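Chains as they are written, first to last, in our numbering: chain A, 512 to 687; chain B, 512 to 687. For each residue, glycine too, the CB sits at the ideal point set by N, CA and C. These numbers were taken from a predicted model, which means no experiment stands behind them. Since the structure comes first, as structure tokens, the remarks are kept for the end.
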């Protein structure tokens, strides 16, 4: 079995990434790099939440070409409780994380497609006051544990605002 | 928001299902029905594990036509630890649950497909002694919380045995 779990994106996002830097270059310079690393998303200051990979599943999804991905949205306990009780809008403290992987054919079972390489991790954090200008939501889009640029983050709110206003700007529904 | 979580298959599988029966017909007859209901799979005697919907995600998957499904495999703590540590074979007590839903277009975002109606829940339980004749695995396939017939359960082992012998007869790999 390939040790897939050692490639956990969560590890790459935080101390794990710093450790790789430390191993690669001089300790003092790397500590400085890790400290200055832009781990929070531009515009929103959203970071990858600790331990998110162990959160409960809300639903899987598939994204067609050109992205061609399998996805899974996970939620923290506040998010899961909100879904369970049908709370809308989602309360402050709700955090949603959508993981995405390339969509590749299973080598072992013809009709199935399975996750290939990890692509993005996308985060939504509810804080009605801090993010009042964007429906109460802060957004973060991460590749290899690092946030993507501001231009990409500028597109989040417009799309969520126009397409899922009636579900508190959240696409994902709970898969029963 | 539709109260999707009230349709939780876990509820339909256990006491929730009995409660529906009780509400629908006379209490004494329904209690008898619930007691006699074949909630364990034929051949293997595998039941839907309590609380599985809250278990950690191992990986999502997609199944092409004719099934045309989105799927997600969840694991109990023993399963997750085995994946995390790369343990093969999986230890006794490992339980894997694969949830499946019809694969339907998102009404809100063109390129995406999302879970529709729930279809099956498939369970694998590792008990090397009890299931010695089938690689240590017991199988259960459930629709609306009820196990399907013996004929369908007779197909589980042959397919797992022939296709994924090198991964302890388990298809799903951990999605990082």
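Contacting residues, own chain, Cβ-Cβ under 8 Å from residue 663 (chain A) (five flanking each side not counted): 652
Since I believe residue 584 (chain A) is in contact with residue 683 (chain A) (beta carbons under 8 Å), could you give me their beta-carbon distance rounded to a whole number of angstroms? 4 Å
Can you check whether the CB of residue 580 (chain B) is closer than 8 Å to the CB of residue 609 (chain B)? no
Span of the beta strand (DSSP E) holding residue 574 (chain B)? 567 to 574
Nearest-angstrom Cα separation, counted from residue 654 (chain B) out to residue 621 (chain B): 29 Å
What separation, rounded to the nearest whole angstrom, lies between the Cα atoms of residue 597 (chain A) and residue 553 (chain A)? If I take the Cα positions, the gap works out to 31 Å.
Compare the Cα-Cα distances from residue 559 (chain A) to each of A:658, A:648, A:678 and A:602 and report the closest residue. A:658
7 Å Cβ shell around residue 661 (chain A) - same chain, five flanking residues per side excluded: 553 and 554
At 7 Å on the CB atoms, spell out the chain B contacts of residue 570 (chain A), in chain order. Here the neighbours are 625 and 626.
Within a Cβ cutoff of 6 Å, which residues of the same chain sit near residue 604 (chain A), ignoring the five residues on either side of it in sequence? 589
Quick check: what's the CA-CA separation for residue 601 (chain A) versus residue 570 (chain A)? 17 Å
Interfacial residues, the region 591 to 602 of chain B to chain A, with Cβ spacing under 9 Å: Of all residues in the region 591 to 602 of chain B, 591, 594, 595, 596, 597, 598 and 599 have a Cβ within less than 9 Å of some Cβ in chain A.
With a threshold of 16 other CB atoms inside 10 Å of the CB of residue 633 (chain A), please say whether the residue is buried or exposed. Around the C-beta of residue 633 (chain A), 16 or more other C-beta atoms lie within 10 Å, and the residue is accordingly described as buried.
Starting from residue 649 (chain A), trace the beta strand (DSSP E) both ways and give me its first and last residue. Where residue 649 (chain A) is concerned, the enclosing beta strand (DSSP E) stretches over 648 to 654.
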